[in-house]
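2 protein chains.
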Amino acid sequence: MTKIIPERSIERLSVYRRVLLQLRDADAAVVFSHELSKHAGVTAAQVRRDIMHLGCMGVPNSGYRTSELLDAINTFLDAPESQRAVLIGVGHLGLALLNHFSGRWRWLHIHAAFDTDAGKQDTLIRGVRCYPLSEIGRIVREWRIDVGILTVPKDAAQNVADRLCAAGVRGLLNFASLRLQVPEGVYVENVDLTSSFEKVAFFARQGSKALDSSLPCDQAEAVNSVEGTQSH
Amino acid sequence: MTKIIPERSIERLSVYRRVLLQLRDADAAVVFSHELSKHAGVTAAQVRRDIMHLGCMGVPNSGYRTSELLDAINTFLDAPESQRAVLIGVGHLGLALLNHFSGRWRWLHIHAAFDTDAGKQDTLIRGVRCYPLSEIGRIVREWRIDVGILTVPKDAAQNVADRLCAAGVRGLLNFASLRLQVPEGVYVENVDLTSSFEKVAFFARQGSKALDSSLPCDQAEAVNSVEGTQSH
DNA sequence: GAGTGTGAAGGCCTTCACAGCT
DNA sequence: AGCTGTGAAGGCCTTCACACTC
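Okay, structure coming up:
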């Protein structure tokens with residue numbers, strides 16, 4: 541049944557949603573694809589193409605109704621019932637993510653954290669309780685956790701991933717700088733900070749070449765940066 | 541003059557390098573594409589294709605000489621003279637990155653940090669001195685900084701990016717959850733934690749559809765009992 | 001006129017498959 | 001036999017261009 545959708549479209553829909561939330565707060569009742577395009581750093585055609593996956597929402601000379609589009613994205617991206625995540629490794633990066641994610645969405649929530657440091661265990665961090673690693677299996681199973689966020693040192697990552705997968709998570713967000721081996725059916729998104737940094741450094745150097753032969757520009761299409769995305 | 545190379549290849553070369561460093565430490569004198577492939581999570585053909593960009597290095601039935609391949613990647617990825625970066629926003633995320641990057645490479649180094657918090661200013665954090673934001677322009681210009689790492693709240697991000705670009709950086713690593721507007725020739729790599737998280741959640745849900753039959757040795761795969769509560 | 005929805009074209013990247021080497 | 005290097009094929013995604021709508 542699954543309509544297949546490009547991974548990149550999912551990422552962009554997430555971006556559009558945040559732009560739309562801001563627009564709605566600014567009382568913008570309608571929005572055009574070229575406006576979204578500007579804020580999201582992609583072409584207008586791309587925006588319309590992505591929105592196609594939601595079913596058609598727009599009105600030809602009037603753009604999209606902000607709240608309607610927002611609802612459609614919510615329905616599409618979010619689970620019908622909320623999803624549960626855990627975070628393993630409460631270092632600076634783990635703390636940053638707890639700060640960033642905790643309490644932000646009701647439909648996608650970090651339910652527990654894990655760390656080897658006994659000093660952190662049983663404490664509340666940003667409203668999230670911290671447990672020893674030995675509890676991973678039990679808690680993931682009992683609470684039916686869907687997603688694991690790995691912010692552990694690379695030497696520990698595979699072992700933790702194995703435990704999470706054995707306990708039934710279906711997705712991993714991996715910040716450790718190695719590629720995890722996981723069973724079929726488990727989705728892994730790698731956020732590789734080292735690669736990202738080295739990539740920026742590389743293209744910062746190359747960048748001078750990129751004197752793009754610009755279009756006969758009928759109008760301000762711009763989006764004048766070279767653009768990357770992470771992910772993976 | 542630039543040989544054009546896929547962005548993804550750059551990312552993967554960065555991954556291969558780390559794998560090779562470990563292999564070299566394990567005294568592996570040679571390495572096959574299928575070995576790299578396994579550790580990097582891509583196909584062997586992809587590995588060979590990426591290595592093509594470096595010029596040919598391998599010996600048909602003997603694989604690649606580890607140190608030779610490593611040198612070639614270093615030469616390709618790294619600047620002939622070292623590149624300099626600064627980091628703006630010393631919150632948890634900024635600290636995590638300082639920890640992660642500082643002193644790790646001599647050819648790519650974070651030279652200064654910036655924060656609005658006066659308590660952090662003039663202190664040394666992981667060997668990196670912290671300055672007030674007002675110093676950005678001066679320091680970036682004087683030290684000829686190439687890359688800026690933005691770990692500031694989203695409301696501050698565009699303003700900081702403008703200052704960095706005006707002072708001459710050629711690349712930005714942006715962790716703020718919005719798309720920056722930058723002048724032509726400045727490369728932006730977005731690391732969008734929100735998108736990544738939402739993407740994992742989405743595909744973790746979708747993944748269940750891919751119930752590929754016949755996974756032999758798979759025993760009790762959790763998610764047992766109640767199923768009505770969770771479907772799509 | 002101004003914007004959306006979308007088939008078709010195009011481009012980038014990955015995979016295939018096999019020649020060639022050792 | 002086993003592995004690399006690489007043209008060719010394929011697939012995924014983006015962009016173009018235009019019919020259609022208000």
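Each protein sequence line maps, in turn, to chains B and Z.
For any residue, its number in my numbering is found by taking its place in the first sequence, counting from 1, and adding 540.
For any residue, its number in my numbering is found by taking its place in the second sequence, counting from 1, and adding 540.
The beta carbon of each residue, even a glycine, is placed where N, CA and C say it ideally should be.
Counting only Cβ-Cβ distances shorter than 9 Å, please list the residues of the segment 726-741 of chain B near chain Z, keeping chain order.
Flagged, chain order: Val726, Tyr727, Val728, Glu729, Asn730, Val731, Asp732, Leu733, Thr734, Ser735, Ser736, Phe737, Glu738, Lys739, Val740, Ala741.
At a CB-CB cut-off below 7 Å, which residues of chain Z make contact with alanine 580 of chain B?
Close to alanine 580 of chain B, with beta-carbon spacing below 7 Å, are these residues of chain Z in chain order: Arg719.
Give, in chain order, every residue of the segment 542-566 of chain Z whose Cβ lies closer than 7 Å to some Cβ of chain B.
Among the residues of the segment 542-566 of chain Z, those with a Cβ less than 7 Å away from any Cβ of chain B are Thr542, Glu547, Ile550, Glu551, Ser554, Val555, Arg558, in the order of the chain.
Specify, as a first and last residue, the run of the beta strand (DSSP E) that leucine 699 of chain B falls within.
Checking the displayed sequence, the identity of residue 699 of chain B turns out to be asparagine instead of leucine. Where asparagine 699 of chain B is concerned, there is no enclosing beta strand (DSSP E), although the alpha helix (DSSP H) it sits in stretches over 694-706.
If I measure Cβ to Cβ from alanine 701 of chain Z and keep anything under 7 Å in the same chain, skipping five residues before and after, which residues do I get?
Leu690, Leu712, Leu720, Val722, listed in sequence order.
Kindly list, in the order they appear in chain B, the residues whose Cβ is closer than 9 Å to that of valine 687 of chain Z.
The contacting residues are Phe737, Val740, Ala741, Ala744.
Give the straight-line distance between the Cα atoms of glutamine 661 of chain B and threonine 606 of chain Z, rounded to the nearest whole angstrom.
Whole-angstrom Cα-Cα distance: 42 Å.
Of all the residues that make up the segment 630-645 of chain Z, which are near chain B by a beta-carbon distance shorter than 8 Å?
The segment 630-645 of chain Z vs chain B, Cβ under 8 Å: Gly631, His632, Leu633, Leu635, Ala636, Leu637, Asn639, His640, Phe641.
Mapping the DSSP letters down to three states, classify lysine 749 of chain Z as helix, strand or coil.
Low local confidence applies: a pLDDT of 48 at lysine 749 of chain Z is under 50, so the model's placement there is unreliable, and no value is given.
Start-to-end residues for the beta strand (DSSP E) that takes in asparagine 614 of chain Z:
Segment 606-617 is the alpha helix (DSSP H) holding asparagine 614 of chain Z; no beta strand (DSSP E) there.
For alanine 636 of chain Z, report the span of its beta strand (DSSP E) as first-last.
It is not in any beta strand (DSSP E) - alanine 636 of chain Z instead sits in the alpha helix (DSSP H) that spans 632-641.
Flag this pair as yes or no: are the beta carbons of valine 731 of chain B and serine 736 of chain Z separated by less than 9 Å?
Taking 9 Å as the Cβ cut-off, valine 731 of chain B and serine 736 of chain Z qualify as a contacting pair.
Any idea if glutamate 806 of chain B is buried or exposed, counting beta-carbon neighbours within 10 angstroms, 16 or more meaning buried?
Residue coverage of chain B in this structure runs from 541 to 772, which leaves residue 806 of chain B outside it and unanswerable.
Taking only the alpha-carbon atoms, compute the straight-line gap between histidine 640 of chain B and alanine 569 of chain Z and give it to the nearest angstrom.
Across the structure, histidine 640 of chain B and alanine 569 of chain Z are spaced so that their CA atoms are roughly 44 Å apart.
Taking any Cβ of chain B, which residues in the segment 606-617 of chain Z have a Cβ under 8 Å from it, in chain order?
When CB distances to chain B are screened at a threshold of 8 Å, the residues of the segment 606-617 of chain Z falling below it are Leu617, in chain order.
Could you work out which residue in B:Val559, B:Val692, B:Lys739 is closest to leucine 609 of chain B when comparing CA atoms only?
With distances taken between Cα atoms, leucine 609 of chain B lies closest to B:Val559.
Does the CB of glutamine 623 of chain B have a neighbour CB from chain Z at under 9 Å?
For glutamine 623 of chain B, at least one C-beta of chain Z is nearer than 9 Å to its own C-beta.
Below 8 Å between beta carbons is the criterion; list the residues of the segment 702-717 of chain Z that meet it against any residue of chain B, in chain order.
Listed in chain order, the positions of the segment 702-717 of chain Z with a beta carbon within less than 8 Å of a beta carbon of chain B are Val709, Arg710, Gly711, Leu712, Leu713, Ser717.
Using a Cβ cut-off of 9 Å (strictly closer), state whether alanine 619 of chain B contacts chain Z.
Flagged as an interface residue toward chain Z: alanine 619 of chain B, by a C-beta distance shorter than 9 Å.
Check this for me: beta carbons of serine 776 of chain Z and glycine 598 of chain Z, under 9 Å apart or not?
For chain Z, the structure presents residues 541 to 772; residue 776 of chain Z sits outside this window and is missing.
Nearest to asparagine 714 of chain B by CA position, among B:Ile676, B:Val571, B:Val587, B:Glu729, is which residue?
Checking every option, the nearest Cα to that of asparagine 714 of chain B belongs to B:Glu729.
Assigned secondary structure, valine 687 of chain Z (DSSP; H/G/I helix, E/B strand, else coil):
In this structure, valine 687 of chain Z counts as strand in the three-state DSSP scheme.
Ordered along the chain, which non-local residues of its own chain (more than five positions away) have a Cβ less than 6 Å from that of glycine 634 of chain B?
Around glycine 634 of chain B: Leu627, Thr691.
Interface residues of the segment 585-599 of chain B facing chain Z [CB-CB below 9 Å]
Under the 9 Å Cβ criterion, the segment 585-599 of chain B contributes no residue.
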